[in-house]
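All remarks here apply to the structure that follows.
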Amino acid sequence: MTANPEIDSILQRGADGGRITPEEALLLYTDAPFHALGEAADAVRRRRHPEGIVTYLIDRNINYTNVCVTACKFCAFFRAPKHKQGWAHPIEEILHRAGEAVELGATQVMLQGGHHPDFGVAYYENLFSSVKQAFPQLAIHSIGPSEILHMAKVDGVSIEDAVIRIKAAGLDSIAGAGAEMLPERPRKAIAPLKESGARWLEVMAIAHRHGLSSTATMMMGTGETNFERIEHIRMIREVQDLAVANGYQDVPVEQSHDVGGFRAFIPWTYQPENNHLKGRTQATTIEYLRFIAVSRLFFDNFSHLQASWLTTGKEAGQLALHMGVDDLGSIMLEENVISSAGAKHRSNLQELITMIRTAGRIPAWRDTWYEHLAVHHTPADDPTDDRVVSHFSSIALPGGGVRKSLPLVEAN
Ligand code: SF4
1 MTANPEIDSI LQRGADGGRI TPEEALLLYT DAPFHALGEA ADAVRRRRHP
51 EGIVTYLIDR NINYTNVCVT ACKFCAFFRA PKHKQGWAHP IEEILHRAGE
101 AVELGATQVM LQGGHHPDFG VAYYENLFSS VKQAFPQLAI HSIGPSEILH
151 MAKVDGVSIE DAVIRIKAAG LDSIAGAGAE MLPERPRKAI APLKESGARW
201 LEVMAIAHRH GLSSTATMMM GTGETNFERI EHIRMIREVQ DLAVANGYQD
251 VPVEQSHDVG GFRAFIPWTY QPENNHLKGR TQATTIEYLR FIAVSRLFFD
301 NFSHLQASWL TTGKEAGQLA LHMGVDDLGS IMLEENVISS AGAKHRSNLQ
351 ELITMIRTAG RIPAWRDTWY EHLAVHHTPA DDPTDDRVVS HFSSIALPGG
401 GVRKSLPLVE AN
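Take the sequence shown: its position 91, counted from the start at 1, is 91 in UniProt numbering, and no numbers get skipped.
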């Protein structure tokens with residue numbers, strides 16, 4: 001109970017699974033006492049995941065090119081076409097990295113890259129089909145609406161055509177990449193050449209209709225207002241309403257591969273190094289945790305909420321487990337995009353499992369679809385592969401680190 005009956009009533013309704021309005025979410029975000037907010041959000045987690053399990057994943061982000069025509073102001077990863085530090089990896093390099101990931105237990109690859117002016121649909125078909133053919137056991141959870149729009153534009157084809165072709169080539173799931181901030185004002189300020197937020201969501205809705213599920217993300221801390229943060233999740237919730245109306249979430253997890261919709265929401269914080277925004281603003285840990293909790297209460301149509309320990313730090317990641325979060329994401333065998341902008345946090349299998357267990361939750365290794373591959377009820381159940389650690393960053397690796405094997409750069 002708080003001293004404010006209006007806030008109490010909204011928290012109770014959200015905790016019980018009722019829908020809260022954007023205006024109510026904003027009130028909670030700005031005014032709800034921290035602990036009451038966290039308790040209500042955690043009640044949602046307990047109702048959705050009563051067994052107390054918090055999941056993690058082993059995957060590798062593999063970047064195929066850093067060449068990009070879109071020049072987002074917050075991005076430290078891209079190089080303009082013809083820049084001498086630009087690179088595009090041959091398929092053999094991608095397969096080499098995917099093979100290393102499989103060797104370390106990865107069940108997923110995230111193939112991510114810039115908007116290369118020459119990369120149309122056929123490039124992505126070849127990329128996905130090559131990886132799928134070589135490693136059919138790997139889920140390809142990759143690219144985002146921006147890349148789909150880019151490839152469709154390069155080839156002059158419709159979004160539907162592009163989606164149908166890349167799905168047929170092996171794309172299993174669309175990453176929530178490129179959402180940044182969806183409302184118009186903050187999006188234009190940080191990514192003036194990117195598609196609008198409405199267009200980003202339109203591509204997701206088309207992909208969902210074609211049976212591709214995805215995740216949704218948000219990058220906090222580039223100067224957006226509290227109202228705009230809530231507006232971002234309002235826009236996403238509306239698209240998820242459409243997916244749910246079409247049957248998403250009414251099917252068992254093993255059938256959910258072919259039913260579109262958002263599986264998880266993943267907010268993360270802007271990283272300030274090596275980019276044009278130069279760290280003008282950044283979200284604080286408290287702002288992040290409060291937003292995590294509000295998201296859990298607001299998204300009555302989302303199964304999973306993931307904390308970004310990579311950007312906020314491991315302590316904040318662990319605290320988020322008490323604010324409604326049920327997933328800590330990946331170890332990230334390789335990550336170059338966010339770490340290029342200064343994210344220095346790294347982890348390993350044992351540490352991530354310990355973070356979950358010491359938060360009072362049961363750690364479980366999951367796949368892309370949130371199926372549990374192993375539940376670590378006691379430390380005796382824990383995996384012991386000390387090679388499964390985070391690695392970073394192409395900024396330190398000329399040419400993007402071609403022909404280097406893990407560890408690319410020693411984790412510290
Ligand atoms: S965020 Fe993506 S689209 Fe924007 S500049 Fe970086 S690589 Fe290009």
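Note that beta-carbon positions come from the ideal geometry of N, C-alpha and C, so glycine has one too.
Compute the minimum distance between the beta carbon of residue i and the heavy atoms of ligand 1, and state whether it is under 7 Å.
i: residue 457; result: Lying before the first or after the last residue shown, residue 457 is absent from the chain, which here runs from 1 to 412.
i: Ala80; result: no
i: Phe119; result: no
i: Gly211; result: no
i: Ser146; result: yes
i: Ala191; result: yes
i: Phe77; result: yes
Where does the unbroken alpha helix (DSSP H) through residue i begin, and where does it stop?
i: Leu242; result: 226-245
i: Gln12; result: 5-15
i: Val251; result: Taken as a continuous stretch (DSSP letters only), Val251 belongs to no alpha helix (DSSP H), as it is neither H nor E.
i: Gln350; result: 349-357
i: Ala41; result: 34-48
i: Glu309; result: Reading off the sequence shown, one finds Trp at residue 309, where the question assumed Glu. Taken as a continuous stretch (DSSP letters only), the alpha helix (DSSP H) holding Trp309 covers 309-312.
i: His208; result: 197-209
i: Val102; result: 91-103
i: Ser130; result: 121-134
i: His376; result: Per DSSP, His376 belongs to no alpha helix (DSSP H) and is neither H nor E.
i: Asp155; result: 145-155
i: Ala293; result: 285-298
Mind reading off the beta-carbon distance from residue i to residue j? Whole number of angstroms is fine, and I expect it under 8 Å.
i: Asp59; j: Met110; result: 6 Å
i: Met205; j: Leu242; result: The sequence given here places Ala at residue 205; Met does not occur at that position. Indeed, because the Cβ distance is near 6 Å, the residues count as touching under 8 Å.
i: Ser339; j: Leu57; result: Not quite, the Cβ-Cβ distance comes to about 18 Å (not below 8 Å), so this is no contact.
i: Pro363; j: Val54; result: 6 Å
i: Val259; j: Ser303; result: Actually they are not in contact, since the Cβ atoms of Val259 and Ser303 sit about 12 Å apart, beyond 8 Å.
i: Gln112; j: Val337; result: 6 Å
i: residue 413; j: Asn275; result: Since the first and last residues shown for the chain are 1 and 412, residue 413 lies out of range.
i: Asp155; j: Gly120; result: 4 Å
i: His141; j: Ser173; result: 4 Å
Does the distance from the CB of residue i to the CB of residue j come in under 8 Å?
i: Leu333; j: Ala101; result: yes
i: Glu335; j: Asn61; result: yes
i: Ile20; j: Tyr64; result: no
i: Glu125; j: Ile166; result: yes
i: Leu201; j: Val239; result: yes
i: Leu171; j: Phe128; result: yes
i: Ala15; j: Ala43; result: yes
i: Val389; j: Gly105; result: no
i: Gly176; j: Gly221; result: no
i: Tyr29; j: Ile230; result: yes
i: Gly52; j: Ala293; result: no
i: Leu328; j: Ala343; result: no
i: Asn301; j: Val253; result: no
i: residue 440; j: Leu310; result: What the structure shows of the chain is the stretch from 1 to 412, and residue 440 is not part of that stretch, so it cannot be assessed.
i: His89; j: Val402; result: yes
i: Gly186; j: Gly223; result: What sits at residue 186 in the sequence shown is Pro, not Gly. In contact: Pro186 and Gly223 (Cβ atoms closer than 8 Å).
i: residue 498; j: Ala216; result: Missing from the structure shown is residue 498; the chain here goes from 1 to 412 and no further.
i: Arg263; j: Tyr370; result: yes
i: Asp386; j: Thr107; result: no
i: Gln318; j: Ala283; result: no
i: Ser158; j: Ala152; result: yes
Starting from residue i, follow the beta strand (DSSP E) in both directions and report where the run begins and ends.
i: Pro186; result: Element bounds for Pro186: not the beta strand (DSSP E) but the alpha helix (DSSP H), 184-190.
i: Gly260; result: Unbroken run through Gly260: none, as it is neither H nor E.
i: Ser213; result: 213-220
i: Gln108; result: 108-112
i: Tyr56; result: 53-57
i: Asp31; result: That residue, Asp31, is in no beta strand (DSSP E); its alpha helix (DSSP H) goes 22-31.
i: residue 416; result: Beyond the ends of the chain as shown, which are 1 and 412, falls residue 416; an answer cannot be given.
i: Asp161; result: Counting along the chain, Asp161 falls outside any beta strand (DSSP E), though it belongs to the alpha helix (DSSP H) covering 159-169.
i: Ser142; result: 139-142
i: Leu328; result: 327-330
Check whether the Cβ of residue i lies closer than 7 Å to any heavy atom of ligand 3, and answer yes or no.
i: Gly114; result: As far as ligands go, the structure on display features ligand 1 and does not contain ligand 3.
- [ ] Please determine if the segment 256-270 and the segment 288-297 are in contact, where contact requires at least 3 C-beta pairs separated by less than 8 Å.
- [x] Enough Cβ pairs lie closer than 8 Å, so yes.
With contact counted as at least three CB pairs below 8 Å, one residue from each stretch, are the segment 9-28 and the segment 67-81 in contact?
Cβ pair count under 8 Å is below three, so no.
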